[in-house]
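Residue numbers (mature numbering (1 follows the signal peptide of the UniProt record, and there is no 0)): -18 to -1, 1 to 533.
Quick reminder that beta carbons are idealized off the backbone N, C-alpha and C, glycines included.
Read through the structure below, which is laid out as structure tokens, and then see the notes.
Structure representation (structure tokens):
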């Protein structure tokens, strides 16, 4: 084990190397595609050398400073030179700011990042961890003229309004986590940002339009952690509110919580990560198209899940099926099994460590069925007697089908063939018990014995009867199209022509040779041992010299 760890350590060192890239930064390169740098004191970004590697796929910069951080315009524009102009890989820039007292990003600080770079996916991640709350300020147009597929910001506050910060941007997915985002209606007329989807994540007690104001985006998703109350009626005018994620492990999703969501016609996706979804709670979201269930789920009302008649996607990748109540897991299995016929798209967990029978059943119905093979020995009896009737019936039916297949499937590898009566090595075909024989009598003339003293010169005739056995081929050679084809029996038993019956004689003497070698070796060892033993005793025996008696 220590040798393996040693080689892994050597491998990690070989893939990791120190690379001096920026002035005042300590950098490490990983396989020449990822670079991570740390700066203890904020200074302008400057390359140490004019020659830089342009094949990086990921850049991670960490600013660990206890001072006031102030970023000028185009502070990070130099990072574009670390990427190649055209690449087939996704590119990521991660900026981490830690242990600072204040943060101020001026206009155009992140301007033109990824500009002129053709990549299938670009991602910008900004993490802000201040020493005191509400010390983060983004100036207007901070992300001016940025084109990115994903922008994620982790902060406790942004201070400025949404319309001021993200004006003149082109962002496909914008994620803001932890911060209270304000809204300025006066700037809507001047807002030119193109943001397809916005997701705002907060830990909050009450979810209403004041905490989550309307923003000029095409799609809007609210994710609330530890929510106690949802004022759904306050979102009636939210045409862009398409998603709602509720994460509250210790609180049940009751009908009272979801009351009013039926009035939000544009709400297409909803996610629940709670321990219990009470009876009748989902009746207020019958119109949703996507339902996502989290890992905290333990109980789910079967009638509520059946009321989702418009559901098109069901995501249960994070559900722990082994911890679900029996009726909940069975209700999910029954719903998925019925609705998949109607085009329901289901996302199942990739792993099934506990070999849960219901998850194995769903994997057979929807995916490749590999879990059934992996869990065959464990679930052989347990799934047959599952408390969920649809699962037990399925495995019982499958077991019967396998038994029928085993009984009706003939043996192909070792066909039942009667051994030939005579071993003709030059024959291509074998002999069978149902073959036809023809008897022919042949008269053979024999010369008189010249050594016989008897002078009788009569001729001797011997009548000999030979038997010829005719057996039809498995395939007719004359009907074969391929002139190079080999008869079937010759392909099944190719060694019959080469070795014949002498194969048994060759194998028969091997055990005797092994036994004889073993006996001979034992005899040699015994003789050597006896000689050594005899010499030792002979040498150790000495005559004691006799002395004269003392008078």
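Asked: How long is the line joining the alpha carbons of residue 353 and residue 377, rounded to whole angstroms?; Found: 13 Å
Asked: Within 10 Å of its beta-carbon, does residue 3 have 16 or more other beta-carbons around it, so buried, or fewer, so exposed?; Found: buried
Asked: Between which two residues does the beta strand (DSSP E) containing residue 115 stretch?; Found: Segment: none, residue 115 is in no beta strand (DSSP E) and carries neither H nor E.
Asked: Pair every Cβ in the region 332 to 339 with every Cβ in the region 284 to 298, then say whether three or more of these pairs are closer than 8 Å.; Found: no
Asked: Check residue 384 in the structure and name its three-state DSSP category.; Found: helix
Asked: Is the CB-CB distance between residue 236 and residue 256 below 7 Å?; Found: no
Asked: Got a sec? Which residues, its chain only, sit under 6 Å from residue 229 by beta carbon, not counting five neighbours each side?; Found: 207 and 255
Asked: So, is residue 125 buried or exposed, given that buried needs 16 or more other C-beta atoms within 10 angstroms?; Found: buried
Asked: Alpha carbon to alpha carbon, how far is residue 498 from residue 509?; Found: 17 Å
Asked: In chain order, what residues of the same chain lie with their CB nearer than 8 Å to the CB of residue 30, ignoring the 5 residues before and after it?; Found: 2, 3, 4 and 5
Asked: In its own chain, which residues sit with a C-beta less than 8 Å from the C-beta of residue 246, not counting the 5 before and 5 after it?; Found: 214, 217, 218, 220 and 223
Asked: Using the C-alpha atoms, what's the distance from residue 109 back to residue 42?; Found: 11 Å
Asked: Should residue 344 and residue 318 be called a contact, given that it needs their Cβ atoms to be closer than 7 Å?; Found: yes
Asked: How many Å lie between residue 78 and residue 60 at the Cα?; Found: 17 Å
Asked: Suppose you measure from the CA of residue 52 to the CA of residue 27; what does that come to, to the nearest Å?; Found: 13 Å
Asked: Distance check for residue 512 and residue 502, CA to CA, integer angstroms please.; Found: 15 Å
Asked: Residue range of the beta strand (DSSP E) that residue 19 falls in?; Found: 16 to 21
Asked: Based on the DSSP output, what are the partners of residue 159 in its beta bridges?; Found: 136 and 183
Asked: Is it buried or exposed for residue 375, if we count other Cβ within 10 angstroms and need 16 for buried?; Found: exposed
Asked: Since residue 46 contacts residue 14 with CB under 8 Å, what's their CB separation in whole angstroms?; Found: With 8 Å as the limit, residue 46 and residue 14 do not qualify as a contact, their Cβ atoms being about 25 Å apart.
Asked: I'd like to know whether the C-beta atoms of residue 304 and residue 265 end up nearer to each other than 7 Å.; Found: no
Asked: Tell me the residue span of the alpha helix (DSSP H) that contains residue 327.; Found: Note, residue 327: premise wrong, no alpha helix (DSSP H); beta strand (DSSP E) at 327 to 329.
Asked: Could you check whether residue 12 and residue 39 sit closer than 7 Å to each other, using their CB atoms as the reference points?; Found: no
Asked: Excluding the five sequence neighbours on either side, which residues of its own chain have a C-beta within less than 7 Å of the C-beta of residue 373, listed in chain order?; Found: 315, 339, 340, 343 and 365
Asked: Indicate whether the contact test is met: 3 or more Cβ pairs, each with one atom in the region 238 to 245 and one in the region 179 to 198, closer than 8 Å.; Found: no
Asked: What residue range does the alpha helix (DSSP H) around residue 353 cover?; Found: 352 to 356
Asked: Do residue 177 and residue 199 have their CB atoms nearer than 7 Å?; Found: yes
Asked: Residue range of the alpha helix (DSSP H) that residue 312 falls in?; Found: 308 to 321
Asked: Does the beta-carbon distance from residue 286 to residue 313 come in below 7 Å?; Found: no
Asked: Assign residue 57 to buried or exposed, taking buried as 16 or more other Cβ atoms, counted over all protein chains shown, within 10 Å of its Cβ.; Found: buried
Asked: Exposed or buried, which one is residue 54 when buried takes at least 16 other CB atoms within 10 Å?; Found: exposed
Asked: For residue 88, which option in 138, 148, 66 and 101 has the closest C-alpha, if you only look at C-alpha atoms?; Found: 148
Asked: Given a cut-off of 7 Å on the beta-carbon distance, is the pair residue 153 and residue 133 in contact?; Found: yes
Asked: I'd like the span of the alpha helix (DSSP H) that includes residue 61, first residue to last.; Found: First-last for residue 61: undefined, no H or E at that position.
Asked: Apply the 10 Å Cβ neighbour rule to residue 145 and answer buried if 16 or more other Cβ atoms are within range, or exposed otherwise.; Found: buried
Asked: Go to residue 84, then tell me how far its beta strand (DSSP E) extends in each direction, as first and last residue.; Found: 84 to 87
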